[in-house]
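Numbering (my numbering), first residue to last: 1082 to 1462.
We put the CB at the ideal spot given by N, CA and C, even for glycine.
Values in this document were obtained by computation on a predicted structure and should not be read as measured data.
Here's the structure, in structure tokens; my notes come after.
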Amino acid sequence: MRLPVKDAKIDEKRAIGQIRYAIDRGVNYVDTAWPYHSGESEPLLGKALKDGYRDRVKVATKLPSWMIKTREDMDRYLDAQLERLGTDRIDYYLLHALNGTSWDILDGFGVRDFLDRAREDGRIVNAGFSFHGLGDDFKRIVDAYPWVFCQIQYNYLDQKYQAGTEGLKYAASKNLGVIVMEPLRGGNLGLPEQPPAVQTIWNEAKTKRTPAEWGLRWVWNHPEVTVVLSGMNDESHIDENLYSADAAFAGSLTEADISLVERVSLKYRELMKVGCTGCGYCMPCPSEVMIPICFEEYNRMHMFGDNEAVKFRYALRMSGDLVDGRPGYASQCVQCGECLDKCPQQIPIPEFLAQVTDEMEGPELQKRLTIARQVMKIEAK
Ligand code: SF4
Ligand code: SF4
1082 MRLPVKDAKI DEKRAIGQIR YAIDRGVNYV DTAWPYHSGE SEPLLGKALK
1132 DGYRDRVKVA TKLPSWMIKT REDMDRYLDA QLERLGTDRI DYYLLHALNG
1182 TSWDILDGFG VRDFLDRARE DGRIVNAGFS FHGLGDDFKR IVDAYPWVFC
1232 QIQYNYLDQK YQAGTEGLKY AASKNLGVIV MEPLRGGNLG LPEQPPAVQT
1282 IWNEAKTKRT PAEWGLRWVW NHPEVTVVLS GMNDESHIDE NLYSADAAFA
1332 GSLTEADISL VERVSLKYRE LMKVGCTGCG YCMPCPSEVM IPICFEEYNR
1382 MHMFGDNEAV KFRYALRMSG DLVDGRPGYA SQCVQCGECL DKCPQQIPIP
1432 EFLAQVTDEM EGPELQKRLT IARQVMKIEA K
């Protein structure tokens, strides 16, 4: 997902060099997906894994769940992915970015039959799913199929968000391997320039570590975690992450280390604009506003900056293109107040949604959405 880019395209020579460099030093799990780099990630990985590299790694890729309209589509995408990757099997195949709704849609199209058959004929070795929904739906999906593994967003800020710690422990208790994505929240927790209030806390650490190392070590400290996807786009990131991984065993952080990370997590929370935990109790909204996701993106913008990138993300996520095509923008709120009593955090939801509308939408929204669709090769639903 984060291969080096030159002139708006993957820098092929450098990317292949990086992948092989990492494998030569012990990386044995490589994750890609249909839409990454506008569809160019899988073919690039296929090239990188020639010359004997294929059999030295486990390859993971994902069914683009939002593009599936029929049972036949599933086989069509999988076969195309095998071709793109130049392989006869996907070691770890995921249904991409599930939530409760997208799982129900795929289930209705017969995805269990698809997975059963693809495992039987050997195109898939292990079946799993990646998840970006609410905690209760996570457990429901875990229980719905004999998965071998799942992939969740997890880092020291997201302990109670999406699957969260509860989901991590639940999946592990069901003997699922747990792959962690976003261990640094899209790289933000690892930025060398941290917000000053956060850096002050890091400076108190007895053992000096970079923010990225702290973030990764915190995730690896959990015995339930099987693999951490530490996105890397620079050679120095590979070296740094390999160095961290060498020392990062479950339970290897001290009590003092863990409480320092907790203080950083609390500080980040203070910098958040809305104290939304993403619990989803306010849903559904009669105007179909995706309330928790609006607040997630709004907080992301205020905690980490890089406003333009977050606004692109917001435009695409709220369009509904990645799920069922139904938009959920903050501006759809009609201020009916129905959600107010449902929020355990007593957040004045309509007021904050008005702020989200002001700061993240405006006249540029449609333009951003058009560009995001082009980059992701997504058609408007
Ligand atoms: S106040 Fe807005 S967000 Fe809340 S339920 Fe009504 S329309 Fe939905
Ligand atoms: S606004 Fe409140 S109820 Fe809705 S997801 Fe956030 S914390 Fe939960």
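A distance below 7 Å between beta-carbons, with the five flanking residues on each side excluded, links D1092 to the following residues of its chain, in chain order: P1085 and V1086.
Here F1219 carries a helix assignment [DSSP, helix/strand/coil].
Inclusion of T1113 and T1142 in the CB contact set at 7 Å is warranted, their separation being smaller than that value. Spanning the alpha carbons of A1453 and D1088 requires a straight line of approximately 17 Å. A distance below 8 Å between beta-carbons, with the five flanking residues on each side excluded, links E1123 to the following residues of its chain, in chain order: T1113, A1114, W1115, Y1117, T1142, Q1162, R1165 and L1166.
A contact is defined here as three or more CB-CB pairs under 8 Å, and the region 1296-1313 meets this definition with respect to the region 1259-1268. In this structure, D1172 lies near V1140, with their beta-carbon atoms less than 7 Å apart.
Taking a C-beta distance under 7 Å as the contact criterion, C1366 and I1374 do not qualify as a contact pair. Straight across, the Cα-Cα distance linking L1334 with F1393 is about 37 Å.
For the 7 Å CB-CB criterion, R1200 and Y1226 do not form a contact. A straight-line Cα-Cα distance of about 19 Å links I1260 and R1170. In the three-state reduction of the DSSP assignment, I1372 falls in the helix class.
Distance from the CA of A1252 to the CA of A1208, rounded to the nearest whole angstrom, comes to 14 Å. Secondary structure note for L1126: its alpha helix (DSSP H) is the uninterrupted segment S1122 to A1129. Where Q1099 is concerned, the enclosing alpha helix (DSSP H) starts and stops at E1093 to D1105.
Annotation for A1103: M1313, I1319 and L1323 place their beta carbon closer than 8 Å to its own, counting only its chain and skipping 5 residues before and after. Taking 7 Å as the cut-off, the Cβ atoms of V1279 and V1345 count as close.
CA-to-CA, the gap between M1457 and G1120 works out to about 8 Å. Per DSSP, the continuous alpha helix (DSSP H) segment holding M1399 begins and ends at N1388 to S1400.
For N1207, the enclosing beta strand (DSSP E) begins and ends at I1205 to F1212.
Look at the region 1307-1361 and you find these whole runs of alpha helix (DSSP H), each 4 residues long or longer: 1316-1328 and 1336-1352. Just so you know, the alpha carbons of T1182 and E1153 end up roughly 20 Å apart. The beta carbon of P1408 lies closer than 8 Å to those of E1369, M1399, S1400 and G1401 in the same chain, with the five residues before and after it left out. Taking C-beta separations shorter than 6 Å and ignoring five residues to either side along the sequence, the partners of F1376 in its chain run V1355 and C1357, following chain order. Relative to ligand 1, the beta carbon of S1368 is positioned inside 6 Å of a heavy atom. Sequence-distant Cβ neighbours of V1308 in its own chain, meaning closer than 6 Å and more than five residues away, are Y1110 and I1260. Taking a C-beta distance under 7 Å as the contact criterion, L1159 and F1210 do not qualify as a contact pair. In the DSSP assignment, Y1110 forms a beta bridge with K1139.
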